[in-house]
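Heads up: take any position in the sequence shown, counting from 1, add 672, and you land on the working numbering.
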Amino acid sequence: MDCIVNFHTNPSNKENKEGQFQLHSHSSAELTLLIKGEGYYSAGEQNVIALPGDLLLIPANLKHCYGCIRAWEGYSLHIYDQNIPSYCQYLLSHAFTQRPGPILKASLTPGAIERALTAMRQIREECGREEKNEYSYDVLRNGLETLLLAYHTGTCDKIIEAALEHPEEQMIQDALKDIHQNYHMPLKVSDLAANHYLSESIFRKKFMDRVGVSPKQYIITLRIDEAKRLLHISRKPVEFIATEVGFSSSSRFHEVFVKHVGMTPMEWRRQGQTNSCQ
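Now the structure itself:
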């Protein structure tokens, strides 16, 4: 997480300049939930009206601006997508892959608004802790997953339409979703292929053509990336992390980790601790 802000802005307050923000960008992606009021977000020729219950996604490095029309309140969360858990990475990248424009918006149902608001508050509270505990990672992960799932739920009708128009692309997206959801469990490429009524060889070719690597290599890279993140942000034993990211034994995990990263898991953890102290 980069930062999270609970904003309150009243455009009638002439001394408060936060209601109109000049063109800017940030290296982190943004998720904004509007609770009250009305405003807009703009990027290039796109102008998106923001109303209560709207959840907006803004990609990193996008030049954009916003304006408050009626006194508004909400939460803005900034995240670095390369540092978030595996399934959250998938949900975020899939949203931007399906985007109708650079700024995305989902209008949430009352129930989804409550879940998203609770998630924002949980994330803010956890980010505000001076010292994180062993459950902090799980609380932040669950909160972010809730927000991203709320967005996808709010746009599911558009996604269904896109799937009907591009069935092969949807097949790859479904496979990626399966992998990101279940990478920590035994995953066979043959089962992924069977889920889409394809032979393993045809599925592998379609996957490589679209993603650039084989399904097996994608799964291994995903497991190693998640292990690297867990080694840095948690104090969990290496053996536990090996199991948590889907390796059948700590020795196999050690072997694959050294091959991909160039150092042992403990060396990677110590390097992260050293960098954080500098």
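Each residue gets a CB set at the ideal place from its N, CA and C atoms; glycine is no exception.
Given the structure is predicted, the values throughout are model-derived calculations rather than measurements.
Extent of the continuous beta strand (DSSP E) to which Arg-742 belongs: Residue mapping note: residue 742 aligns to position 70 of the sequence shown, counting from 1. Here the beta strand (DSSP E) through Arg-742 covers 736-751.
Helix, strand or coil at Ile-874 [DSSP, three-state]: Here residue 874 refers to the residue found at position 202 when the sequence shown is read from its first residue. Helix.
Lys-944 and Leu-902 closer than 8 Å at C-beta: Residue 944 sits at position 272 when you count from the first residue of the sequence shown. Residue 902 sits at position 230 when you count from the first residue of the sequence shown. Before going on, a small fix: residue 944 reads as Gly here, not Lys. Judged by their CB atoms, Gly-944 and Leu-902 are not nearer to each other than the 8 Å cut-off.
Inter-residue spacing [alpha-carbon to alpha-carbon] between Cys-799 and Leu-706: Numbered from its first residue, the sequence shown carries residue 799 at position 127. Numbered from its first residue, the sequence shown carries residue 706 at position 34. The straight-line gap from Cα to Cα measures roughly 20 Å.
Paired residues, beta bridge with Asp-726 - DSSP: Along the sequence shown, one-based indexing puts residue 726 at 54. Partner(s): Ser-779.
6 Å CB neighbourhood of Asn-682 in its chain, flanking five on each side removed: Position 10 of the sequence shown, counted from the first residue, corresponds to residue 682. So the qualifying residues of the chain are Ala-743.
Alpha-carbon to alpha-carbon, Pro-774 and Phe-965: Limits of the chain in this structure are 673 at one end and 950 at the other, which puts residue 965 out of reach.
Range covered by the beta strand (DSSP E) that runs through Tyr-713: Looking up residue 713 in the sequence shown gives position 41. In this chain, the beta strand (DSSP E) harbouring Tyr-713 covers 701-715.
Own chain residues within Cβ distance below 7 Å of Leu-812, not counting five before or after: As a first step, residue 812 is located in the sequence shown; it is residue number 140 there, counting from the start. When the five nearest sequence neighbours on each side are left out, the beta carbons in the same chain lying within less than 7 Å of the beta carbon of Leu-812 are those of Met-673, Ile-795 and Glu-798, in order along the chain.
Under the three-state DSSP convention, the category Thr-893 falls into: One-based indexing of the sequence shown puts residue 893 at position 221. The answer is helix: DSSP assigns Thr-893 an H, G or I state.
Neighbourhood of Phe-919 by C-beta distance below 6 Å, restricted to the same chain and skipping five residues each side: Stepping through the sequence shown from its first residue, residue 919 is reached at position 247. Answer for Phe-919: Phe-925, listed in chain order.
Rounded C-alpha distance that separates Cys-737 from Leu-729: For the purposes of this step, residue 737 is identified with residue 65 of the sequence shown, where counting begins at 1. For the purposes of this step, residue 729 is identified with residue 57 of the sequence shown, where counting begins at 1. Distance between Cys-737 and Leu-729, taken at the CA atoms: about 13 Å.
Separation of Gly-739 from Glu-625, as counted between CA atoms: This structure leaves residue 625 out entirely; the chain is present only between 673 and 950.
DSSP state of Val-770 mapped onto helix, strand, coil: Translated into the one-based positions of the sequence shown, residue 770 becomes position 98. Residue identity differs from the one stated: residue 770 is Gln in this sequence, not Val. It is coil, neither helix nor strand.
Contact check, Ala-914 vs Ser-906, beta carbons under 8 Å: Against the sequence shown, residue 914 aligns to sequence position 242. Against the sequence shown, residue 906 aligns to sequence position 234. Contact: no.
Continuous beta strand (DSSP E) stretch holding His-856: start and end: Residue numbering aside, residue 856 sits at position 184 when the sequence shown is read from its first letter. Per DSSP, His-856 belongs to no beta strand (DSSP E) and is neither H nor E.
Local conformation of Ile-721 per DSSP, three classes: By 1-based counting over the sequence shown, the position of residue 721 is 49. In the displayed model, Ile-721 falls within a strand according to three-state DSSP.
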